[in-house]
Structures are given as structure tokens and as C-alpha cells.
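J.:
In the numbering used here, the protein residues as written are 71 to 379.
1) Evaluate the contact criterion for the region 213-227 versus the region 331-343: three or more CB pairs, one atom per stretch, below 8 Å.
2) I need the straight-line Cα distance from residue 228 to residue 73, nearest angstrom please.
3) With DSSP as the reference, label residue 239 as helix, strand or coil.
4) Looking only at its own chain, which residues have a Cβ that is under 6 Å from the Cβ of residue 158, when we skip the five neighbours before and after it?
5) Could you tell me the distance, in whole angstroms, from the CA atom of residue 309 to the CA atom of residue 365?
6) For residue 284, which residues does DSSP report across the bridge?
7) Is residue 16 near residue 105, with beta carbons less than 9 Å apart?
8) How would you label residue 242, buried or exposed, when you count the other beta carbons within 10 angstroms and need 16 or more for buried?
9) Less than 7 Å between C-beta atoms, sequence neighbours within five positions excluded: which residues of the same chain meet that for residue 253?
10) Tell me the residue span of the beta strand (DSSP E) that contains residue 75.
11) Hey, would you say residue 327 sits closer than 9 Å to residue 343, going by beta carbons?
12) Look at residue 100 and residue 85 and say whether their C-beta atoms are less than 9 Å apart.
13) Please name the residue in 192, 121, 184 and 118 whose C-alpha comes closest to that of residue 83.
Okay, here's the thing in C-alpha cells:
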């Protein structure tokens with residue numbers, strides 16, 4: 071077990087909401103920007119933890135789509151909350167599962183003594199790239215930001231085990247092709263603009279997930295000599311309204327996982343930490359609980375993480 075604990079967390083949602091058949095979605099509007107969501111979430115996490123930015127040893131942005139290609143998004147967040155300090159800042163990106171990957175990666179550095187306390191923030195504004203012609207994705211995604219502060223501890227809590235796998239058969243089932251070297255901005259036109267928008271084939275992703283993830287879950291549980299019944303709560307990426315189908319396939323009962331798709335939608339990288347924060351706040355997860363974080367991401371990448379809270 072990598073002994074770490076959550077010191078504090080903060081959530082920031084856009085003011086504006088849109089309803090799609092009783093499905094609530096959060097979308098930035100007016101002067102709201104991705105950076106403002108991220109910064110506000112960080113500041114709330116610091117306040118919740120009752121510490122200042124000077125108590126942080128590293129700032130990590132674990133987001134799918136950054137503010138700009140360079141510098142890293144963490145440096146731009148650093149400018150707003152830590153300017154004048156030399157706190158290291160870096161990005162970790164596995165799109166929708168970036169938070170889990172960052173939590174996994176940084177836990178090793180905490181355990182090794184490199185850092186004592188790390189701020190991880192996940193923030194995406196999917197609405198900026200959605201294609202109205204793709205009803206499935208246009209009505210699914212939300213904007214939001216979540217920040218968690220993790221620290222080294224001597225308590226018997228922390229990360230029990232992690233597994234991450236990528237099946238690149240799904241590499242082009244969820245993508246934004248334009249904007250960087252593959253399809254340079256100089257090629258942007260009214261004719262090509264959809265190349266710069268989010269493109270998703272939900273049926274293909276669901277089919278591949280149904281085929282691969284149950285085997286991955288079986289292997290993961292066997293590696294840890296555990297059963298689903300040994301887990302107190304599953305915190306899944308709010309990938310789609312098809313979540314109950316996946317959970318049933320994995321053998322997870324309805325009362326063992328959190329489903330917030332209707333109220334919050336898919337917040338990309340912010341999805342898993344948002345659901346985790348809500349679960350902690352509402353005490354659906356309590357001290358001593360063993361929880362499973364699970365998410366799928368573009369790639370197709372899947373992450374599983376067992377944590378004792």
C-alpha cells in the first residue's frame with residue numbers, strides 16, 4: 071500500500087446549466103474560462119485543507135485538453151495561484167482518466183519522499199469542442215473542475231493497487247483530429263471545422279469496453295485476492311447513460327456504485343474526481359472504506375484503482 075491520504079478537495083462548476091430531457095449539463099458562459107474554473111477549484115481545495123499554496127510541493131494538471139499547446143496547463147495555473155514561488159508544475163494526461171493516472175504517478179513520488187503534499191487539478195470545458203450535429207456527445211458532456219490535495223501519511227490508508235491498460239483498436243473512436251501537427255490550424259476552414267471538434271462513436275467504444283473491461287476487472291480482483299463484495303463503493307467515470315450496463319456486466323450491484331450522469335454528465339478528466347468529491351461530501355464514502363476508481367478514456371485506455379480511505 072502506498073500510504074497517502076486526501077488532505078482536501080474543491081469543486082467548481084459553471085453558473086450556466088442546460089437541460090436535455092431532464093439531463094442537467096453544465097456549460098461555461100459569459101466571461102467564464104477553463105483557467106478560472108481550475109483556479110477556483112484549487113483555491114477551494116486549499117481552503118478546505120486549511121493550508122496555503124506555500125504548503126504545496128508540486129502542482130499537477132490532470133486534464134484532457136489544455137488551455138493552449140504550450141506551456142503546460144499546470145504552469146498557467148501556477149501563474150494564477152503560485153506566482154513568485156518555484157513550486158514545480160507539470161501535466162499528466164490520459165484524457166478522461168487523467169486524475170487516476172496522476173494520483174497513481176504522484177503517489178510513488180510521495181512515498182519516495184520527493185514531495186510531501188501535491189495539488190492535483192482536473193479541469194475540462196468539453197462544450198468548447200462539441201459538435202451539435204453529434205447529438206449523443208453534444209447532450210452528454212459538461213464542463214467542470216475539481217482539485218484534490220494528497221499527502222504522505224503513516225496511517226494505514228492509501229493506494230492498494232492500480233491497473234491501467236490501453237487497447238488502441240479504439241484509438242480513433244474518440245478524438246479531436248485538428249489543432250496540432252496532425253491537422254494544423256492553417257488547414258482550418260468552414261469546410262474542415264469538424265476536424266477541430268470532438269468526434270465520438272459511442273457504440274464502438276461501448277462494444278470494445280464490454281469485451282475488454284470485464285476480463286481486466288477479473289484479473290485485477292484476482293491479483294488482490296478480492297471480490298466485488300469486498301469493495302465498499304465503486305466510483306466510476308460518468309462515461310455515458312450506458313453506465314448501468316457496464317456495471318451489471320462487471321457484477322457491481324446498483325447500491326455499490328455512484329451514478330451522477332443525469333445530474334452532471336460526463337466531465338471528461340473532472341468526472342472521476344467530481345464523483346469522488348461528491349461521495350465524500352455526502353458521506354457515501356467514509357473513513358476506512360475500500361473504494362474502486364474506474365474509468366475509460368480515449369485510446370481506448372481503462373484505469374482501475376483500489377484505495378482505502
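Just so it is clear, CB atoms sit at the ideal spot from N, CA and C, and this is done for glycine as well. All figures in this text were calculated on a predicted structure; none of them were measured in a lab.
T.: In short, the structure shows the following:
1) As far as the Cβ criterion goes, the region 213-227 touches the region 331-343, which means the pair count is three or higher.
2) Within the chain shown, residue 228 is the residue found at index 158, counting from 1. Within the chain shown, residue 73 is the residue found at index 3, counting from 1. Roughly 4 Å between the two C-alpha positions.
3) To locate residue 239, count along the chain shown from 1; it is residue 169. It is helical.
4) Along the chain shown, one-based indexing puts residue 158 at 88. Beyond the five residues adjoining it in sequence on each side, residue 158 comes within less than 6 Å, by CB distance, of 128 in the same chain, given in chain order.
5) Here residue 309 is taken as the residue at index 239 of the chain shown, counted from 1. Here residue 365 is taken as the residue at index 295 of the chain shown, counted from 1. If I take the Cα positions, the gap works out to 8 Å.
6) What you label residue 284 is simply residue 214 of the chain shown in a count that begins at 1. Answer is none; residue 284 lacks a bridge partner.
7) Because the chain here runs from 71 to 379, residue 16 falls outside it and cannot be looked at.
8) Translated into positions along the chain shown, residue 242 becomes position 172. Residue 242 comes out exposed.
9) The residue given as residue 253 occupies position 183 in the chain shown. Closer than 7 Å at the Cβ level, and outside the excluded window around residue 253, lie 247 and 265.
10) Position 5 of the chain shown, counted from the first residue, corresponds to residue 75. Element bounds for residue 75: 74-82.
11) By 1-based counting over the chain shown, the position of residue 327 is 257. By 1-based counting over the chain shown, the position of residue 343 is 273. Result no, Cβ atoms of residue 327 and residue 343 do not sit closer than 9 Å.
12) Within the chain shown, the letter at position 30 stands for residue 100. Within the chain shown, the letter at position 15 stands for residue 85. Taking 9 Å as the cut-off, the beta carbon of residue 100 is found closer than this to the beta carbon of residue 85.
13) Taking the first residue of the chain shown as 1, we reach residue 83 at position 13. From the listed residues 192, 121, 184 and 118, the smallest Cα separation to residue 83 is found for 192.
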